[in-house]
Amino acid sequence: MAPLKEETIKMEENVSRKREVNKGAWTAEEDRKLAEVIAVHGAKRWKTVAIKAGLNRCGKSCRLRWMNYLRPNIKRGNISDQEEDLILRLHKLLGNRWSLIAGRLPGRTDNEIKNYWNSHLSKKINQKEKQSGAAARQGCKAQKRQVENAKEEVREENTSTGGEDSNISFDVDEFLNFSNEDPLNLDWMNRFFEVDEVFN
DNA sequence: AACGACTACAACCGCTCTGCC
DNA sequence: GGGCAGAGCGGTTGTAGTCGT
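Quick note on full-length UniProt numbering: the first sequence kicks off at 1 and runs consecutively.
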């Protein structure tokens, strides 16, 4: 009786799975337990948090759930045009450094931005590229020249103001070190857009 | 109503980085 | 300096929901 044997195997698999760590979607009950433990013990030592909460999940999973979903001040829902524009510009500058990009969007998580990029913006960009492909190729040489000129200008300015090396006058990581800034302070954004314009 | 294709997003996985002993 | 554990990151997968036929 093959089907019976298969059923037995499946049942055994289910039982052993129950002994392993829980995977898949989080339940409201799990969320509640996790939030309670974090409120008492803080968001650290995730392995311990998972155990203390009585959750049959790995610490990593708990951290992810907290960071992307349960943390206070998480902004959920539609990404505004302004935010989208910001993501596009930051991605142009930084590439797929989602956590850095997320750091400039209060309430947004790296995971959310990554998902948004993969499902919305990457397609938008592909479409744009297809549309402007031929035109872009034509103007490419002229544009490269413009960029080189702009970089050269920045370099000259840098050396005249006492910059040590001949590279562009700002370091991306330094530029995006926001640890001392209020995330809602828009001064950085103006600075960023100014620099961005130079390379456009 | 049924079904397949597509989309959006939550969650997992593997890897690297960092701090501690 | 080396090993280990915890934390963090980016890529990828799984799946529920939506839409078109």
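Note that CB positions come from ideal geometry on N, CA and C, so glycine has one too.
### Task
Leaving aside the five residues before and after W98 along the sequence, list all residues of the same chain whose C-beta is less than 7 Å from its C-beta, in chain order.
Within the first sequence, residue 98 is the residue found at index 98, counting from 1. Around W98: D110, I113 and K114.
Quiz item: When the Cα of K33 is compared with those of L100, R65 and Y116, which residue comes out closest?
Solution: The residue given as residue 33 occupies position 33 in the first sequence. Of the candidates L100, R65 and Y116, the one whose C-alpha sits nearest the C-alpha of K33 is R65.
Measuring CB atoms only, is the region 117-128 touching the region 83-94, in the sense that at least three cross pairs come out at less than 8 Å? yes
Quiz item: Cα-Cα, which of K124, A35 and V21 is closest to V85?
Solution: Taking the first residue of the first sequence as position 1, residue 85 is located at position 85. Per the sequence shown, residue 85 should be read as Asp rather than Val. The residue with the shortest Cα to Cα distance from D85 is K124.
At 3 residues or longer, what runs of the beta strand (DSSP E) sit wholly inside the region 24-59? none
Check whether the region 51-60 touches the region 26-41, counting contact only when three or more Cβ pairs, one atom from each stretch, lie closer than 8 Å.
yes
| said: Please classify K76 as buried or exposed, where buried requires at least 16 neighbouring CB atoms within 10 angstroms. | reply: Here residue 76 refers to the residue found at position 76 of the first sequence. The identity of residue 76 in the sequence shown is Arg, whereas the question assumes Lys. The residue is exposed, with fewer than 16 neighbouring Cβ atoms inside 10 Å.
**Asked** By a C-beta neighbour count over all protein chains shown, 10 Å radius and 16 as the cutoff for buried, is E30 buried or exposed?
**Response** In the first sequence, the residue the question calls residue 30 occupies position 30. With 16 or more Cβ atoms within 10 Å of its Cβ, E30 is classed as buried.
Going by DSSP in three states, K123 sits in which element: helix, strand or coil? As a first step, residue 123 must be located in the first sequence, where it is residue number 123. Three-state result, K123: helix.
Open item on the list: In whole angstroms, give me the CA-to-CA distance for R104 and S122.
Closed with: Position 104 of the first sequence holds residue 104. Position 122 of the first sequence holds residue 122. Near 20 Å, if we compare the C-alpha coordinates of S122 and R104.
ask   = For Q75, which three-state DSSP category applies?
value = Taking the first sequence and counting its residues from 1, one reaches residue 75 at position 75. The sequence given here places Lys at residue 75; Gln does not occur at that position. Correct three-state label for K75: coil.
task: Alpha carbon to alpha carbon, how far is G24 from S61? Give it in angstroms, no decimals.
output: Taking the first sequence and counting its residues from 1, the one referred to as residue 61 is at position 61. Taking the first sequence and counting its residues from 1, the one referred to as residue 24 is at position 24. Cα-Cα distance, rounded: 10 Å.
> Which of the three DSSP states, helix, strand or coil, is assigned to N22?
Replying inline: Translated into positions along the first sequence, residue 22 becomes position 22. N22: coil per DSSP, three-state reduction.
Q) How far does the alpha helix (DSSP H) with W98 in it reach, from first residue to last? A) As a working note, residue 98 is residue 98 in the first sequence. W98 to G103 is the extent of the alpha helix (DSSP H) around W98.
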